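A.B. asks: Dumping the structure here so I can ask a few things about it.
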Amino acid sequence: HDAIQKADLEDAEATKRYAANKEKSERFVRENEDTQEDCWNKIQDLERQLQKLGTDRFDEVKRRIEEIDREEKRRVENAQFLEVASQHKKLLELTVYNCDLGMRCTGLVEEMVSEGCAGVKARYDKTNQDLAALRLEVHKEHLEYFRMLYLTLGSLIYKKEKRLEEIDRNIRTTHIQLEFCVETFDPNAK
Numbered sequence: 001h002d003a004i005q006k007a008d009l010e011d012a013e014a015t016k017r018y019a020a021n022k023e024k025s026e027r028f029v030r031e032n033e034d035t036q037e038d039c040w041n042k043i044q045d046l047e048r049q050l051q052k053l054g055t056d057r058f059d060e061v062k063r064r065i066e067e068i069d070r071e072e073k074r075r076v077e078n079a080q081f082l083e084v085a086s087q088h089k090k091l092l093e094l095t096v097y098n099c100d101l102g103m104r105c106t107g108l109v110e111e112m113v114s115e116g117c118a119g120v121k122a123r124y125d126k127t128n129q130d131l132a133a134l135r136l137e138v139h140k141e142h143l144e145y146f147r148m149l150y151l152t153l154g155s156l157i158y159k160k161e162k163r164l165e166e167i168d169r170n171i172r173t174t175h176i177q178l179e180f181c182v183e184t185f186d187p188n189a190k
């Protein structure tokens, strides 16, 4: 009878141990499943992060390429602007040179006319001394010649003044065009 009781007691303890081990095993399996679920969720989050990082990288590379294109375009436009400005500067320098040359030529013509007038007067004085009898006739001829030269001189001076006004207008127009070109090709110049 003790043996049966002992066997029953051992059976009850074995059943109790089995139940405790089974419960422990089931708890372990549940915790393992929960941990696996957490891992899968983390993997999905990491995949989403990888996808977002890949998209962000693609967007950044695309933005950088566009920025490089804009910079290259800016450099080309700047080089073109400098080339146009250089050509325009040469043309303006040539215009200024031509204006200076025109003024110098006008001065030489004026000097030549003045010398011509002085020569006529000297000739008139000598002729007046040498030819007293023909003084009135010679005086009329020289006066007419002097009048023609004087009118020519007046015409040349008038043309010179008009040309100087035209040159001044051209210089102002050229400066306005230069400022317009600077504002057109360099919006930051304002």
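The sequence shown: position 51 = 51 (UniProt numbering), numbered continuously. All C-beta atoms in this analysis are idealised placements derived from N, C-alpha and C, irrespective of residue type, glycine included. It should be emphasised that the depicted structure is a prediction, and the values quoted were computed from it without experimental measurement.
Using the Cα positions of Lys121 and Glu166, report the straight-line distance between them to the nearest angstrom.
C.D. replies: 34 Å
A.B. asks: Classify Ala132 as helix, strand or coil using the three-state DSSP reduction.
C.D. replies: coil
A.B. asks: On the three-state DSSP scale, how would you describe His1?
C.D. replies: coil
A.B. asks: One question on the structure: do Thr106 and Asn170 come within less than 8 Å of each other, judged by their Cβ atoms?
C.D. replies: no
A.B. asks: For the candidate residues Leu153, Gln80 and Asp130, whose alpha-carbon lies nearest to that of Cys117?
C.D. replies: Leu153
A.B. asks: Could you check which residue in Gln129, Gln5, Leu156 and Arg123 has the C-alpha nearest to that of Arg143?
C.D. replies: Here the sequence assigns Leu to residue 143, which means Arg is not the residue at that position. Among Gln129, Gln5, Leu156 and Arg123, the Cα nearest to that of Leu143 belongs to Arg123.
A.B. asks: By how many angstroms is the C-alpha of Leu178 removed from the C-alpha of Lys52?
C.D. replies: Each residue's alpha carbon lies about 52 Å from the other.
A.B. asks: Going straight from the alpha carbon of Asp168 to that of Asp130, what length do you get?
C.D. replies: Those two C-alpha atoms are separated by around 50 Å.
A.B. asks: Can you give me the Cβ contacts of Cys181 inside the same chain, cut-off strictly under 8 Å, excluding the 5 residues immediately before and after it?
C.D. replies: Val84, Ala85 and His88
A.B. asks: Going straight from the alpha carbon of Glu110 to that of Ile157, what length do you get?
C.D. replies: 8 Å
A.B. asks: Please state if the CB of Phe146 and the CB of Phe81 are separated by a distance shorter than 8 Å.
C.D. replies: Taking 8 Å as the Cβ cut-off, Phe81 and Phe146 do not qualify as a contacting pair.
A.B. asks: Suppose contacts are defined by Cβ-Cβ distances below 8 Å. Is Thr174 in contact with Leu101 by that definition?
C.D. replies: no
A.B. asks: Would you tell me roughly how many angstroms separate the C-alpha atoms of Leu149 and Ser155, rounded to the nearest one?
C.D. replies: 9 Å
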